[in-house]
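As given, the protein sequences belong to chains Z and L, one line each in that order.
The opening residue of the first sequence carries number 27 in the numbering used here; numbering runs sequentially from there.
The opening residue of the second sequence carries number 27 in the numbering used here; numbering runs sequentially from there.
Following: one structure in structure tokens, then a few remarks.
2 protein chains.
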Amino acid sequence: MGTREKRVTERGKKPAVSKIEASRITRDVLIEAAQAIMSERGGVDFTLSEVGNRAGMSAALVQYHFGSKEGLLFASFEQGIGRSLDQLRWLSELKLPAAKKLRMHIGGVVSAYMQKPFTNRLLHLLIDGATNEKAQRVADVYILPIVNFHRDLISQGVEEGVFRPISEMHFYFLLVGACEHFASRKHVLRYVFNVDDVEDAMRQDYADFVYGVVMNGIAA
Amino acid sequence: MGTREKRVTERGKKPAVSKIEASRITRDVLIEAAQAIMSERGGVDFTLSEVGNRAGMSAALVQYHFGSKEGLLFASFEQGIGRSLDQLRWLSELKLPAAKKLRMHIGGVVSAYMQKPFTNRLLHLLIDGATNEKAQRVADVYILPIVNFHRDLISQGVEEGVFRPISEMHFYFLLVGACEHFASRKHVLRYVFNVDDVEDAMRQDYADFVYGVVMNGIAA
Chain Z
27 MGTREKRVTE RGKKPAVSKI EASRITRDVL IEAAQAIMSE RGGVDFTLSE
77 VGNRAGMSAA LVQYHFGSKE GLLFASFEQG IGRSLDQLRW LSELKLPAAK
127 KLRMHIGGVV SAYMQKPFTN RLLHLLIDGA TNEKAQRVAD VYILPIVNFH
177 RDLISQGVEE GVFRPISEMH FYFLLVGACE HFASRKHVLR YVFNVDDVED
227 AMRQDYADFV YGVVMNGIAA
Chain L
27 MGTREKRVTE RGKKPAVSKI EASRITRDVL IEAAQAIMSE RGGVDFTLSE
77 VGNRAGMSAA LVQYHFGSKE GLLFASFEQG IGRSLDQLRW LSELKLPAAK
127 KLRMHIGGVV SAYMQKPFTN RLLHLLIDGA TNEKAQRVAD VYILPIVNFH
177 RDLISQGVEE GVFRPISEMH FYFLLVGACE HFASRKHVLR YVFNVDDVED
227 AMRQDYADFV YGVVMNGIAA
């Protein structure tokens, strides 16, 4: 915010940051604060006041921008998942062999879960607590694109003669389960494998392992 | 309880059920009630009164037997996981080829998670909320045996020339993640794949798929 405020002052008379932009920036700062708290605590156990405090703003402002804690959780989730869905779209349009796409996809999923381990927990919290209609909408917007990507990837691999035909449902659960588990079980890493921090090389090793198993496992 | 009470009456003078046994039976009934509630709700959101009501007993009795909700959760977890660990010990001692053991293990893990989907959630809830010492004890008693089983299985497979050497940590996360995900994501099954109930055949199909991928994926 510091730089932006400075810019406003320097430009003089007219405010350089429109009301809409200012509102967007405030929302981003609050979402960042909420995400930082969730990452630290490994869960969604926080109050709106804590988020306000962290961002140097009032709880009332948090309330104003998100309506409720659920609203803030949803906004955090959308921001966390947005980039991943963009990457998926980008990857699906690349002209690459299926095996190469599979490797990049697994690397991306492991990375995404490691960077925002709360995103997936949030997704399931939001669906669990939702009405059927809302749960269906969340599933359509955030899970279906992954399943569709898997279906296209399997078709492509089968056409190329490198994958055997498999169910996209089975594939989804195995792949996402394998990637998510590694990222979301910090205490297993700590208390069973004596790993306190997952470094990049270790994350890469795990992604390579999953790719090797899945690639050989579904080979034609 | 009905049959047991009748037996006591029929045998006459001496109570056929000792105080210790009666206490054990009461505990079992209460644990069953708690597990039924958790299965229905897909979570641990319940009160001791609700458990008492379900079992036809008072909340005070629940308090007496388990001390607190955490005590009841822990007892439920131990009862849920106990049989699985027994199976694991039994399987590890069987004189069977590694591939056959792997197939039985995957079938067992998928079944266990399908039958008691709350067990694993409970485990992680108990570890997350625990002191370091307690978390270490839970990991040693309930997770380490699985990892040790995996290590032995990999060694056996490598010796038999059917598996390539792999990290037991990687193997643990991929296998358990794949099995657990399928069992614990009911709303993905419902809202993405239109599956409301997982029937035995579908569970078996998934276990076969995971076995096929893992077996080919780690083949020597």
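Positions of the beta carbon are idealized from the N, C-alpha and C atoms, including for glycine.
It should be emphasised that the depicted structure is a prediction, and the values quoted were computed from it without experimental measurement.
By DSSP, does Tyr237(L) sit in helix, in strand, or in coil?
Tyr237(L) falls in the helix class under three-state DSSP.
In chain Z, which residues lie less than 8 Å from Gln162(L) when you measure between Cβ atoms?
Result: Tyr217.
Does the distance from the CB of Leu215(L) to the CB of Val202(L) come in under 8 Å?
Not in contact: Leu215(L) and Val202(L) (Cβ atoms no closer than 8 Å).
At a CB-CB cut-off below 9 Å, which residues of chain A make contact with Asn242(Z)?
The structure shown contains no chain A; its protein chains are Z and L.
Can the beta-carbon of Val88(Z) be found less than 8 Å from the beta-carbon of Leu56(Z)?
For Val88(Z) and Leu56(Z), yes; Cβs fall inside 8 Å.
Who does Phe72(L) pair with in a DSSP beta bridge?
Per DSSP, none; premise fails for Phe72(L).
Measure from the alpha carbon of His196(Z) to the alpha carbon of each residue in Asn174(L), Phe197(L), Tyr237(L) and Thr73(L), then state which is nearest.
Among Asn174(L), Phe197(L), Tyr237(L) and Thr73(L), the Cα nearest to that of His196(Z) is on Tyr237(L).
Cutting at 7 Å between CB atoms, please list the residues of its own chain near Glu76(L), excluding the five before and the five after it.
Closer than 7 Å at Cβ, skipping near neighbours: Ile63.
Please list the residues of the stretch 74–95 of chain L that have a C-beta atom closer than 7 Å to any C-beta atom in chain Z, keeping them in chain order.
Cβ contacts with chain Z: none found.
Are the stretch 127–140 of chain Z and the stretch 227–234 of chain Z touching by the rule of at least three beta carbon pairs closer than 8 Å?
Because the criterion of three Cβ pairs below 8 Å is met, the stretch 127–140 of chain Z and the stretch 227–234 of chain Z touch.
According to DSSP, is Ala81(Z) helix, strand or coil?
Three-state result, Ala81(Z): helix.
Can you give me the Cβ contacts of Gly106(Z) inside the same chain, cut-off strictly under 8 Å, excluding the 5 residues immediately before and after it?
So the qualifying residues of the chain are Gln61, Lys142, Phe144, Thr145 and Leu148.
Between which two residues does the alpha helix (DSSP H) harbouring Gly183(L) extend?
Leu170 to Glu185 is the extent of the alpha helix (DSSP H) around Gly183(L).
Check whether the stretch 109–127 of chain L and the stretch 173–187 of chain L touch, using three or more Cβ-Cβ pairs below 8 Å as the test.
The answer is yes - the stretch 173–187 of chain L touches the stretch 109–127 of chain L, with three or more Cβ pairs under 8 Å.
Along chain L, which residues have their Cβ under 8 Å away from the Cβ of Gln203(Z)?
In the sequence under discussion, the amino acid at residue 203(Z) is Gly, which differs from the Gln named in the question. Chain L residues near Gly203(Z): Gly203, Ala204, Cys205, Glu206, His207 and Phe208.
Who pairs with Ala138(Z) in a beta bridge, going by DSSP?
According to DSSP, Ala138(Z) bridges with nothing at all.
Can the beta-carbon of Gly243(Z) be found closer than 8 Å to that of Gly187(L)?
No. Outside cutoff.
In angstroms with no decimal places, state the Cα-to-Cα distance between Ser102(L) and Arg109(L).
Answer to the nearest angstrom: the Cα atoms are 12 Å apart.
Indicate the three-state DSSP secondary structure (helix, strand or coil) for Ala245(Z) in the structure shown.
Of the three classes helix, strand and coil, the one that applies to Ala245(Z) here is strand, per DSSP.
Taking only beta carbons into account, state which residues of the stretch 140–160 of chain Z come closer than 8 Å to chain L, listed in chain order.
So the close ones are His150, Ile153 and Asp154.
Distance, Cα to Cα, Asp71(Z) vs Glu194(L)?
Going by the C-alpha atoms only, they are around 33 Å apart.
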